[in-house]
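Residue numbers (the numbering used here), protein chains in the order written: chain D, 32 to 660; chain X, 7 to 162.
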């Protein structure tokens, strides 16, 4: 990787087929990249397989994605990325309202309902961190003890404190900007003196307008009173380095991924386009980590390659080899089939694709839990117009939120929730600002100066509050495969069955009520409405709501204390297959109210240590890769 | 079509509320004129620009009268109104939108008449965002931390 050239670390089908590596990793997203980097740095010979294109490591490649986004009429969260027919990806616009008992097979995901879920993921180098927004909140200590504390869901086989050092490693790797002093709530503990690598993103004009009137508002829930406060949101986005980081050694932001010196991406410029692509690479994506992995010279990357089947030795349960399919043309039918052997295999293809591959390999697990317990955050969107122009459509998508209700005794009865203030207007809910332009031109018959004033009145005042609601593991929510539905290559497509329980819906109803109070307190004009024909429409207590997916797929290879009721142990190692690790949010036993990426990255640091220990390579202590100021 | 550009810019200024200089500065006038003309045909485009000239002439510098004349001659005209509204959409978000079905049935179909971004640059030159002191998502950022300041909504 240190040599010049376009994609020097890309290897070929011919060079890989029939070979043996120390470790083979399926997927180049954040899970795979973190593990590859840690193992490569310790001298392990690692092969990473990526289903999407390998031409994604130069600034020119990146610019192609930016231009693809500019030129896309539908600017959905995968619009910046090529969608090869040989390794297709879900698109949110493929989601449709399902009549009872119906299914939707139009897109890559087969949706069985009853709740339609518009979540996606990205099959491209760097995985879904290419389109993620970058929120990097830690889970709360309570989230790891759901069964013990609240009699709901499951406990993790590890505690928050067991993960603290790995959280630090993840915050360094992802480059988190945030102020720890704003994160003092819900039992969050970062340890004495700890600071994040970079200072918080400045709060937006809208955040501060809201904080002025909202801070101090009290909410009572299950007899407990929570004072609300607008708090900065930690995020993996380059900002101003904190000189106190790492015991005063500071932090150097990682800029654009490039095979040559490139002065770009060292600080957020306010493009308001974290999803689907930050044009200046100020947002972390896993190519940064992958690039560092490739630079160890021990890690090779085979792109345009879909892992298709794990083969297992019946006597030992060990994975003996992995079958893969490599294509030359992204869209035309045709591929070559190869096999690769390794001491250790890691599936790091995301919670849906990991489960899909296991089930396609006829490996549902001795617990029959593979693919089950599918979780994602359910988002209830609420939206209003502020009394005066609030500067919508500027800055990172979110810079602040309301965190104070993330845990409490109420979780015995209803789901946890946090709220984000959106700097990008009503776009997520209504298709704004395009829908506003349409309304003003087509229905209000405006043009000229009246049109401009209409946009100021209708767009600049927009405030969207998203309500991010916890979903519990539920065995009937699942990913499965069905020979009726395969992709062009013949690989089974993921079949999604998903429903929302009253536990989740109760918090949707609570959040709608709370949003009304918030808008009343701000003097904001409530425009929230839920269309009964929209995907995700549900009724609860006589009211209708639309629930949107969070793209936080989790739980499908759930972590636990025994092979009887879980798929992996606390290091993400398969109970059934001693040389197989299933890495990523699929291992999470709960998702709380944190976006999953930071936690799954932390888990992958832990997994890398376990793999190194198993291979007889001395593992670096996590505490030295994290930092204490 | 070069002879039509000045008229197209004058009409566009009236429709968008941005000055002709500002519109010229986007570099998109030629592309939008070509896109619209390619889809609706030169006859419709010439009639649209003639109607715009007439509205301006009969208004004699009176802004309220000019607006009323534009409504009378163009915005409420079955043939010209939908085209004018699509010209507004191009300037504001860089996209052409398929003309309404009645228009297509009455005045002709074009294979290019479907929803599309005129070009990647036309998106980044969209005027909707500067109209509210913002930047098109993913382009022309105002710089680190500027989002903490009030929006600067300026005429232009």
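From the three backbone atoms N, C-alpha and C, an ideal C-beta is built for every residue, glycine too. All of these numbers come straight from a predicted model, not from anything done at the bench.
Around residue 97 of chain D, the beta-carbon contacts reaching into chain X at under 9 Å are 126, 144, 145. Within the stretch 17–37 of chain X, the residues whose Cβ lies closer than 9 Å to some Cβ of chain D are 19, 20, 21, 22, 23, 24, listed in chain order.
For residue 356 of chain D, there is no enclosing alpha helix (DSSP H); the residue is part of the beta strand (DSSP E) that begins and ends at 350–357. Residue 587 of chain D sits away from residue 502 of chain D, with the two beta carbons spaced by 7 Å or more. Comparing alpha-carbon positions, the option among X:107, X:35, X:150, X:20 lying closest to residue 71 of chain X turns out to be X:20. Using a Cβ-Cβ cut-off of 9 Å, residue 508 of chain D is close to nothing in chain X; its nearest Cβ partner there is about 33 Å away. Taking the CA atoms as reference points, residue 239 of chain D sits about 26 Å from residue 439 of chain D. At a cut-off of 7 Å, the C-beta of residue 300 of chain D has a neighbouring C-beta in chain X.
When secondary structure is reduced to three states using DSSP, residue 414 of chain D falls in the strand class. At a cut-off of 7 Å between beta-carbon atoms, residue 121 of chain X makes contact with chain D. Taking the Cα positions, residue 562 of chain D is about 21 Å away from residue 471 of chain D.
With the rule of 3 Cβ pairs closer than 8 Å, the stretch 223–238 of chain D counts as touching the stretch 196–211 of chain D. Note on the stretch 372–440 of chain D: whole beta strand (DSSP E) runs with a minimum of 3 residues are 409–416, 431–433, in chain order.
Close partners of residue 73 of chain X in chain D (Cβ separation under 7 Å): 479. In the structure shown, residue 84 of chain X adopts coil according to DSSP, grouped into three states.
In summary, no residue of the stretch 108–119 of chain X has a CB separated from any CB of chain D by less than 9 Å. Under the three-pair Cβ rule at 8 Å, the stretch 483–496 of chain D does not count as touching the stretch 322–336 of chain D.
Neighbours of residue 101 of chain X in chain D, taken as residues at a C-beta separation under 9 Å, are given in chain order as 104, 465.
With a cutoff of 7 Å on beta-carbon distance, residue 624 of chain D and residue 449 of chain D are scored as near each other. One finds nothing in chain X with a Cβ atom closer than 8 Å to the Cβ of residue 495 of chain D; even the nearest lies about 14 Å away. Nearest CB-CB separation between residue 56 of chain X and chain D: not below the 7 Å threshold. Listed along chain D are 476, 478, each with a C-beta nearer than 9 Å to that of residue 81 of chain X.
Residue pairing for residue 257 of chain D: DSSP places it in a beta bridge opposite D:250.
Bridge partners of residue 511 of chain D according to DSSP: D:526. Residue 206 of chain D is outside the set of residues whose beta carbon lies under 7 Å from a beta carbon in chain X.
Against residue 451 of chain D, chain X offers no close residue; the least beta-carbon distance is about 15 Å (beta-carbon pairs closer than 9 Å). At a cut-off of 4 residues, the continuous stretches assigned as alpha helix (DSSP H) that sit fully inside the stretch 260–316 of chain D are 276–279. Using a C-beta cut-off of 8 Å, the stretch 235–250 of chain D makes no contact with the stretch 134–149 of chain D, since fewer than three inter-stretch Cβ pairs fall below that distance.
When secondary structure is reduced to three states using DSSP, residue 493 of chain D falls in the strand class. Residue 150 of chain X: not part of any beta strand (DSSP E); DSSP gives it neither H nor E. Here the alpha carbons of residue 184 of chain D and residue 234 of chain D stand approximately 35 Å from one another. The beta carbon of residue 493 of chain D sits closer than 6 Å to those of 423, 456, 457, all from its chain and outside the five residues before and after it, given in chain order.
If you check the CB distance, residue 132 of chain X and residue 142 of chain X come in under 7 Å. About 6 Å separates the beta carbons of residue 386 of chain D and residue 401 of chain D, which is inside the 8 Å limit, making them a contact pair.
The beta carbon of residue 483 of chain D sits closer than 7 Å to some beta carbon of chain X.
In this structure, residue 299 of chain D sits away from residue 164 of chain D, with a CB-CB distance that is not shorter than 7 Å.
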